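S.K.:
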Amino acid sequence: MKTSRLMFGVSVALALGAGGIATTVLLKASQTETVVVSTHNLQPYKQIGPSDVKVVTVPKSSGIQGPATNEGDVIGHYLSFAVPNGYPITKGDLNASSSFSSFLTQYVEKTGKPGMLLSIPVQSPLSQVVNAGESIALIVPNQTGSSPSFQTIEPVPVLNVLQPAKGGSATALLVFVTEQDYSVLAPAILNNNVQIGLIPQNGSFTAPQAIQLPTMPMQSGDAANSSPVTLTRTQGKQSSVMPNNSTLNGGTHG
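For the sequence shown, the numbering used here begins at 3 and goes up steadily by one.
1) Rounded to whole angstroms, what's the CA-CA distance from residue 75 to residue 151? Just pull it up for me.
2) On the premise that residue 177 lies in contact with residue 160, defined as a C-beta separation below 8 angstroms, what is that separation, rounded to the nearest angstrom?
3) Classify residue 49 as helix, strand or coil using the three-state DSSP reduction.
4) Identify every residue that forms a DSSP beta bridge with residue 198.
5) For residue 34, report the span of its beta strand (DSSP E) as first-last.
6) Quick one: what does DSSP say residue 130 is sitting in, helix, strand or coil?
7) Under 8 angstroms from any heavy atom of the ligand MN, does the C-beta of residue 39 make it?
8) Residues in the same chain with beta-carbon distance under 6 angstroms from residue 58, minus the five sequence neighbours each way, listed in chain order, please.
9) What residue does the beta strand (DSSP E) around residue 121 start on, and which one ends it?
10) Determine the direct distance from the alpha carbon of residue 60 to that of residue 101, and round the result to whole angstroms.
11) Take the Cβ of residue 135 as the centre, count every other Cβ of all protein chains shown within 10 Å, and call the residue buried at 16 or more, exposed below.
12) Can you tell me which residues form a DSSP beta bridge with residue 152?
13) Taking a contact to mean a Cβ-Cβ separation below 9 angstroms, would you say residue 199 touches residue 141 in this structure?
14) Evaluate residue 128 with the Cβ neighbour count: other Cβ atoms within 10 Å of its Cβ, from every protein chain shown; 16 or more gives buried, anything less gives exposed.
15) Three-state secondary structure (DSSP) at residue 102?
16) By a C-beta neighbour count over all protein chains shown, 10 Å radius and 16 as the cutoff for buried, is residue 133 buried or exposed?
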């Protein structure tokens with residue numbers, strides 16, 4: 003009798019223990035989810051391969067919106083946005099098409115900024131160190147009357163660094179510009195007059211409203227003139243305007 007009672011007690015204890023473990027497992031499962039994350043920095047407009055992603059378990063309280071939960075839903079698709087190493091890939095980051103037009107449409111829909119893609123030729127050493135997902139400044143010289151000036155358009159997102167199909171050095175930067183900036187950049191690109199500038203990626207750079215630079219003495223005949231250069235910035239653009247002087251109009255230095 004004592005043996006049967008002992009066996010019964012052990013059976014009940016085991017059942018309760020198994021039930022507790024099962025409850026813990028189910029509770030944990032209800033509080034977590036699987037998401038697909040990148041295994042290294044992924045560039046925009048890149049086709050995702052098996053080695054680019056992995057599945058991890060995270061708390062549901064992590065707040066990830068629309069995460070991809072299965073590698074099969076990601077592999078073979080293209081990215082519309084940069085994904086840093088270890089970050090989750092969301093369904094809004096993916097594009098099933100390799101079409102640049104489809105890529106642009108999705109980018110505009112997600113950012114809410116109408117614009118277009120432009121290809122900036124890589125010609126300077128500075129432009130060759132730019133990575134996809136970063137922002138740059140584009141410096142465009144222009145001529146307003148007889149006063150030379152330039153405009154700085156920033157920040158300009160770099161969506162991809164284009165390379166030859168057979169590999170090799172980068173040939174161009176794929177950038178997104180607004181319609182307003184396009185009217186300034188298009189002629190400069192055709193004339194090969196666009197310079198690339200690097201800016202901090204943490205948003206710490208803010209161009210001043212106006213700067214008065216030291217005067218530069220210039221002579222015209224027997225008279226010496228002080229020609230200040232003023233840097234001004236309006237609506238996210240910076241320009242350097244030099245007053246008219248004899249040197250700019252064909253005069254000679256003394």
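Even glycine gets a Cβ: it sits at the ideal position worked out from N, Cα and C. No experiment lies behind these values; they were computed from the predicted model shown.
M.R.: Straight from the coordinates:
1) Counting from one through the sequence shown, the residue named residue 75 turns up at place 73. Counting from one through the sequence shown, the residue named residue 151 turns up at place 149. One C-alpha to the other measures close to 50 angstroms.
2) Residue 160 sits at position 158 when you count from the first residue of the sequence shown. Residue 177 sits at position 175 when you count from the first residue of the sequence shown. Yes, residue 160 and residue 177 are in contact; Cβ-Cβ is about 6 angstroms, under 8 angstroms.
3) One-based indexing of the sequence shown puts residue 49 at position 47. DSSP, read as helix, strand or coil, puts residue 49 in strand.
4) Here residue 198 refers to the residue found at position 196 of the sequence shown. Beta-bridge partners assigned by DSSP to residue 198: 140.
5) Counting from one through the sequence shown, the residue named residue 34 turns up at place 32. Residues 34-40.
6) Taking the sequence shown and counting its residues from 1, the one referred to as residue 130 is at position 128. Residue 130 falls in the helix class under three-state DSSP.
7) Among the components modelled here there is no ligand, and therefore nothing to report on the ligand MN.
8) Here residue 58 refers to the residue found at position 56 when the sequence shown is read from its first residue. Cβ within range, chain order: 39.
9) On the sequence shown, residue 121 is found 119 positions in, with the first residue counted as 1. For residue 121, the enclosing beta strand (DSSP E) stretches over residues 117-123.
10) Here residue 101 is taken as the residue at index 99 of the sequence shown, counted from 1. Here residue 60 is taken as the residue at index 58 of the sequence shown, counted from 1. Approximately 33 angstroms between the Cα atoms of the pair.
11) Indexing the sequence shown from 1 puts residue 135 at position 133. Buried is the call here.
12) As a working note, residue 152 is residue 150 in the sequence shown. For residue 152, the pairing in a beta bridge is given by DSSP as 143.
13) Here residue 199 refers to the residue found at position 197 when the sequence shown is read from its first residue. Here residue 141 refers to the residue found at position 139 when the sequence shown is read from its first residue. Yes, the pair counts as a contact, with Cβ atoms nearer than the cut-off.
14) In the sequence shown, the residue the question calls residue 128 occupies position 126. In this structure residue 128 is exposed. Its beta-carbon is surrounded by fewer than 16 other beta-carbon atoms within 10 angstroms.
15) Residue mapping note: residue 102 aligns to position 100 of the sequence shown, counting from 1. Helix, per DSSP.
16) Here residue 133 is taken as the residue at index 131 of the sequence shown, counted from 1. When all chains shown are included, residue 133 counts as exposed.
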